[in-house]
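**Q** I have a structure I would like to understand better, so I am pasting it below and will then ask my questions one at a time.
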Amino acid sequence: MSVVVEMTTTEVVEDFKDPGAVQRDGIIAGGVILIVGICGLTANLTAIRIIKTVPSLRNCFGNLLLLHATGEAGIMIIFIFWAAPISFFQLEISQTIYGLKIGHFGLFLWFVCLYVQLFKSINRLMAIASPISYRIIFADKNSKYVILAVIFLCLLHSILYFFPECDFYFDADNHIWTFAPTNCGEVMSYYIDFLFCNSFMGVILVIDGITFIFIQRGKKLINKKNKREIQFFMQACATSFVYVLELASFHLVWRLTSDPWLLFCSTSLAWELCHVIDG
């Protein structure tokens, strides 16, 4: 998740900003990031524990849920132990090699969550529309290959961020995650992070819509167990909508305002809350 913020007037304002106000803003932003991050990490660690203990989730779908929760927990750890201290103490380390690689890893985890969403949607659709094919493709023995496929796709996606000037880091001055203000950074932010991710989520919503149609057609055959599974399905659909709203917030709000707190809330905080709600 990222945004390329074009600093013009904002930079001038920062130059004349009272040092005490800058420190206060950093403490507030860092504190908010820390508290939300702890809530998100707790939620996702709880989800991991539940997934591991529920017998009905000891299958391919359960492993996808486990990978998803692990990815989100990883993102929360980055917010807690990297973004929060940088904001709180106004540390100038975000653009060091370590800061850039942490940002890169954060993007990798973000795409893990996205690709898992896609595979979960396909899993649900096949389970309802083509049970025989589902039992073959998503059999327990194939579970590890499905997980490896997700990770492999995310690694391929992450190669893009190794190109020069395609850096992604946490900006301590504005408390937001951002791509480098370069041509590559702008391309990555708009075409990959915004257009691609929204199109990606659109595909997931279409798949979920088709799944919902199949569910409606088979309503009469639904038993209590299936009703519980349908509740999980509706929750998953809600998660997809949360991702879409978060992407829209991340990439549209900053174009309409230069208010630093609105930028913070619509970017960094929105990304963090997305994984708290999902957890």
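Just so you know, the sequence shown maps onto residues 1 to 279 in full-length UniProt numbering. Think of the CB as a built atom: it goes at the ideal place given N, C-alpha and C, for glycine as much as any other residue.
#1: Determine the direct distance from the alpha carbon of A73 to that of W271, and round the result to whole angstroms.
#2: Measure the alpha-carbon distance for V116 versus K144 and round it to whole angstroms.
#3: Sort out for me which residues DSSP pairs D171 with in a bridge.
#4: Does DSSP put S143 in a helix, a strand or coil?
#5: For the region 150-167 and the region 179-192, state whether three or more C-beta atom pairs, one from each stretch, are separated by less than 8 Å.
#6: Just to confirm the assignment, what range does the alpha helix (DSSP H) spanning F111 have?
#7: Leaving out five residues on either side along the sequence, give the residues of the same chain with a beta carbon under 8 Å from the beta carbon of V36.
#8: Determine, using beta-carbon pairs with one atom in the region 80-100 and one in the region 58-71, whether at least three such pairs fall under 8 Å.
#9: Taking DSSP as the reference, what is the three-state secondary structure of V54?
#10: Can you tell me where the alpha helix (DSSP H) with F138 in it begins and where it stops?
#11: Restricting to Cα atoms, I'd like to know which of G209, V146, P131 and L247 is closest to M234.
#12: Taking only three categories from DSSP, how would you classify I93?
#13: According to the neighbour-count rule (16 or more other Cβ atoms, all chains shown, within 10 Å of its Cβ), is S133 buried or exposed?
#14: Does the Cβ of R135 have 16 or more other Cβ atoms within 10 Å, making it buried, or fewer, making it exposed?
#15: Measure the CB-CB distance between G71 and C113 and report whether it falls below 8 Å.
#16: State yes or no: is the C-beta of N183 nearer than 7 Å to some heavy atom of the ligand HEM?
#17: According to DSSP, is C259 part of a helix, a strand, or is it coil?
#18: Should R124 go down as buried or exposed, given a rule of 16 or more other Cβ atoms within 10 Å for buried?
#19: Quick one: using the 10 Å Cβ neighbour count with 16 as the cut-off for buried, is L109 buried or exposed?
#20: Under 8 Å between the Cβ atoms of I51 and F170?
#21: Please report the distance separating the alpha-carbon of F119 from that of T211.
#22: Can you give the Cα-Cα distance for I176 and S56, rounded to whole angstroms?
#23: Going straight from the alpha carbon of T8 to that of S258, what length do you get?
#24: Could you say which of F152, F105, L107 and N198 lies nearest to L245 if we only look at CA atoms?
#25: Assuming the contact rule is C-beta atoms closer than 8 Å, S240 and W254 should be a hit. Round their C-beta distance to whole Å, please.
#26: Between N250 and S158, what straight-line distance do the alpha-carbon atoms span, to the nearest angstrom?
#27: Pop quiz: S130 and I207 are said to be a contact at Cβ under 8 Å. What is the actual Cβ separation, rounded to whole angstroms?
#28: Under 8 Å by Cβ, that's how I've got L34 and A84 pegged, so tell me the actual separation to the nearest angstrom.
#29: Helix, strand or coil for T267 per DSSP?
#30: Assuming D140 and N59 are in contact, meaning their beta carbons sit under 8 Å apart, how far apart are those beta carbons, in whole angstroms?
**A** Let's see:
#1: As a working note, residue 271 is residue 271 in the sequence shown. As a working note, residue 73 is residue 73 in the sequence shown. Their backbone Cα atoms lie some 13 Å apart in a straight line.
#2: On the sequence shown, residue 116 is found 116 positions in, with the first residue counted as 1. On the sequence shown, residue 144 is found 144 positions in, with the first residue counted as 1. Spanning the two alpha carbons is a distance of roughly 13 Å.
#3: Along the sequence shown, read from residue 1 onward, the residue named residue 171 stands at position 171. According to DSSP, which records beta bridges pairwise, D171 is partnered with I176.
#4: Taking the first residue of the sequence shown as 1, we reach residue 143 at position 143. If DSSP states are grouped into helix, strand and coil, S143 belongs with the helices.
#5: Yes: at least three Cβ pairs fall under 8 Å.
#6: For this step, residue 111 is matched to residue 111 along the sequence shown. Here the alpha helix (DSSP H) through F111 covers I97 to A129.
#7: Counting from one through the sequence shown, the residue named residue 36 turns up at place 36. These residues qualify, in order along the chain: F79, L269, E272, L273 and V276.
#8: Cβ pair count under 8 Å is below three, so no.
#9: Here the question's residue 54 lines up with position 54 in the sequence shown. Secondary structure at V54: coil, using DSSP grouped into helix, strand and coil.
#10: By 1-based counting over the sequence shown, the position of residue 138 is 138. Here F138 belongs to no alpha helix (DSSP H), and DSSP marks it neither H nor E.
#11: Residue numbering aside, residue 234 sits at position 234 when the sequence shown is read from its first letter. The shortest C-alpha to C-alpha distance from M234 to any of G209, V146, P131 and L247 is the one to G209.
#12: Here residue 93 corresponds to residue number 93 of the sequence shown, with the count starting at 1. Coil.
#13: Here residue 133 corresponds to residue number 133 of the sequence shown, with the count starting at 1. The residue in question, S133, is exposed, as its Cβ has fewer than 16 Cβ neighbours within 10 Å.
#14: Counting from one through the sequence shown, the residue named residue 135 turns up at place 135. R135 should be labelled exposed.
#15: By one-based count along the sequence shown, residue 71 stands at place 71. By one-based count along the sequence shown, residue 113 stands at place 113. Their beta carbons are under 8 Å apart, which means G71 touches C113 by this criterion.
#16: No copy of the ligand HEM occurs in the structure displayed, which carries no ligand at all.
#17: Walking along the sequence shown from the start, residue 259 turns up at place 259. Here residue 259 turns out to be Asp, not Cys, going by the sequence shown. Three-state DSSP puts D259 in coil, outside helix and strand.
#18: Residue mapping note: residue 124 aligns to position 124 of the sequence shown, counting from 1. By the 16-neighbour rule on beta-carbons within 10 angstroms, R124 is buried.
#19: Indexing the sequence shown from 1 puts residue 109 at position 109. Buried is the call here.
#20: Your numbering for residue 51 matches position 51 in the sequence shown. Your numbering for residue 170 matches position 170 in the sequence shown. No, the Cβ-Cβ distance between I51 and F170 is not below 8 Å.
#21: The residue you call residue 119 lines up with position 119 of the sequence shown. The residue you call residue 211 lines up with position 211 of the sequence shown. When rounded, the distance between both Cα atoms is 13 Å.
#22: In the sequence shown, counting from the first residue as 1, residue 176 sits at position 176. In the sequence shown, counting from the first residue as 1, residue 56 sits at position 56. Distance between the alpha carbons of I176 and S56: 40 Å.
#23: Walking along the sequence shown from the start, residue 8 turns up at place 8. Walking along the sequence shown from the start, residue 258 turns up at place 258. Legend: pLDDT at T8 = 36, less than 50; position of this residue unreliable, value from coordinates given subsequently. If you take the alpha carbons of T8 and S258, they lie about 10 Å apart.
#24: Locating residue 245 in the sequence shown gives position 245, where the first residue counts as 1. Comparing alpha-carbon positions, the option among F152, F105, L107 and N198 lying closest to L245 turns out to be N198.
#25: As a working mapping, residue 240 is identified with position 240 in the sequence shown. As a working mapping, residue 254 is identified with position 254 in the sequence shown. Contact flag wrong, Cβ pair sits at about 23 Å.
#26: Position 250 of the sequence shown, counted from the first residue, corresponds to residue 250. Position 158 of the sequence shown, counted from the first residue, corresponds to residue 158. Reading off the sequence shown, one finds Phe at residue 250, where the question assumed Asn. C-alpha separation (whole angstroms): 20 Å.
#27: Here residue 130 is taken as the residue at index 130 of the sequence shown, counted from 1. Here residue 207 is taken as the residue at index 207 of the sequence shown, counted from 1. In this structure S130 does not touch I207 by the C-beta definition: roughly 13 Å separates them, more than the 8 Å allowed.
#28: Here residue 34 refers to the residue found at position 34 of the sequence shown. Here residue 84 refers to the residue found at position 84 of the sequence shown. Contact flag correct, Cβ pair sits at about 4 Å.
#29: To locate residue 267, count along the sequence shown from 1; it is residue 267. In this structure, DSSP gives T267 a state outside helix and strand, which the three-state scheme calls coil.
#30: Position 140 of the sequence shown, counting from 1, holds the residue named residue 140. Position 59 of the sequence shown, counting from 1, holds the residue named residue 59. Contact holds; Cβ gap of about 6 Å.
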